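In what follows, a single structure is set out as structure tokens and then discussed.
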Amino acid sequence: KPFQQAELLAKVRASLRVKRLQDELAERNERLVALDALKDEFLGMAAHDLRNPLGVVRLWAESMADGLLGPVAPKQANALAVIQKHADSMLHLINDLLDISKIESGKVELKRAPESLEALLASYVEANAVLADRKGIGLVLEAAPGLPQALVDRERLSEILNNLISNALKFTHPGGKVTLSLRGEGRFLRLEVADSGQGIAPEDLPKLFRKFSQTRTKSTAGERGTGLGLAIVKKLVELHGGEISVSSVLGKGTTFSLTLPAA
Ligand code: ADP
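Right, dumping it as structure tokens:
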């Protein structure tokens, strides 16, 4: 083809520049991915190394509060209660951090077995009855009859349920209601955790399952959180091959809906 030398040279130079920039970008991307993995590894190590000494602090504070080291004056008892409360929330954060770093690095293997979701949910309702009662919240289970068993990792499922039920209780005012409902849906079971609580603003919904995200909805009795619970729940549901979604109306309540495979 006939060509203009100057034009061809300019085109070649521009193409070379684009190629150089693309290579640089790919290299930087690789470095970022490696740094991100290093950050996760460091976070996991730091959390792991903090857990034991913190557990020791927690244990000694508890022993002192229980009077095992001698009589405790009321002022000292108050101080010990504060130490225990803060040690507990730090341990909660550390455990959540360890959990998410393990899940994200692909190190979690599910030990799946057929389980009756209805029986498991009933045991959760029973276990949380005192907490619900103390807050004046009704906690009920509605299960469709004749449901198949679910194929789940019992320990991981209890993490999912603990998070969703404790959130529902945490963000609902006294006098409210939390309903767990279970039904079949093809090869899956659908579980809904619905509360009549404060609800979540529509603009907050998309960030709900992200790590460390907390919305403008605050707990109703000063309960604390890490913002990691729902990120962990979503990953665990997906590891099971299920899905989770949320719908919410401000001032009316929130429903988390998830699927788990039937056995
Ligand atoms: P946290 O440890 O803060 O509870 P989560 O990841 O479990 O972390 O929840 C993230 C945020 O989502 C909470 O801080 C709260 O603002 C909001 N949220 C979660 N569940 C509910 C609910 N049932 N009702 C209203 N807001 C909720």
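Numbering (our numbering), first residue to last: 13 to 275.
Every residue, glycine too, gets a C-beta built ideally from N, C-alpha and C.
This structure is a prediction, so every number in the text was calculated from the model and none was measured.
Look up residue 39 in the DSSP assignment and say whether it is helix, strand or coil. Position 27 of the sequence shown, counted from the first residue, corresponds to residue 39. Residue 39: helix per DSSP, three-state reduction.
Excluding five sequence neighbours on each side, which residues of the same chain lie with their C-beta closer than 7 Å to the C-beta of residue 89? On the sequence shown, residue 89 is found 77 positions in, with the first residue counted as 1. Result list for residue 89: 77, in chain order.
Quick one: what does DSSP say residue 257 is sitting in, helix, strand or coil? By 1-based counting over the sequence shown, the position of residue 257 is 245. In this structure, DSSP gives residue 257 an extended state, which the three-state scheme calls strand.
Inspect the beta-carbon positions of residue 164 and residue 104 and report whether they are closer than 8 Å. Working through the sequence shown from its first residue, we reach residue 164 at position 152. Working through the sequence shown from its first residue, we reach residue 104 at position 92. At least 8 Å separates the beta-carbon of residue 164 from that of residue 104.
Where does the unbroken alpha helix (DSSP H) through residue 241 begin, and where does it stop? For this step, residue 241 is matched to residue 229 along the sequence shown. Per DSSP, residue 241 belongs to the alpha helix (DSSP H) from 241-251.
Have a look at residue 189 and residue 209 and give me their C-alpha separation to the nearest angstrom. In the sequence shown, the residue the question calls residue 189 occupies position 177. In the sequence shown, the residue the question calls residue 209 occupies position 197. Here the C-alpha atom of residue 189 lies approximately 8 Å from the C-alpha atom of residue 209.
Sequence-distant residues of the same chain with beta carbon closer than 7 Å to residue 228, five excluded per side: Within the sequence shown, the letter at position 216 stands for residue 228. Only 213, 216 meet the Cβ criterion.
Taking the runs of the alpha helix (DSSP H) that are 4 residues or longer, which of them lie wholly in the stretch 112-188? DSSP assignment within the stretch 112-188 yields the following whole alpha helix (DSSP H) runs of 4 residues or more, N-terminal first: 129-147, 166-182.
Bridge partners for residue 236 per DSSP, in chain order? Taking the sequence shown and counting its residues from 1, the one referred to as residue 236 is at position 224. DSSP output for residue 236 lists no bridge partner at all.
Helix, strand or coil: which one does DSSP assign to residue 200? The count along the sequence shown starts at 1 and reaches residue 200 at position 188. If DSSP states are grouped into helix, strand and coil, residue 200 belongs with the strands.
Would the C-beta of residue 240 count as close to the ligand ADP, meaning under 7 Å from any of its heavy atoms? Residue numbering aside, residue 240 sits at position 228 when the sequence shown is read from its first letter. Correct: residue 240 has its Cβ closer than 7 Å to the ligand ADP.
List the DSSP bridge partners of residue 272. Numbered from 1 along the sequence shown, position 260 holds the residue referred to as residue 272. Beta-bridge pairing links residue 272 to 201.
Let me know if residue 254 comes out buried or exposed under the rule of 16 or more other beta-carbons within 10 Å of its beta-carbon. Within the sequence shown, the letter at position 242 stands for residue 254. Residue 254 should be labelled buried.
Residues sharing a beta bridge with residue 27, DSSP: Numbered from its first residue, the sequence shown carries residue 27 at position 15. According to DSSP, residue pairing for residue 27 in a beta bridge does not occur.
For residue 109, is the classification buried or exposed, using 16 other Cβ atoms within 10 angstroms of its Cβ as the cut-off for buried? The sequence position of residue 109 within the sequence shown is 97, counting from 1. Residue 109 comes out buried.
Coil, strand or helix - residue 193 by DSSP: As a position in the sequence shown, residue 193 is number 181, starting the count at 1. Strand at residue 193.
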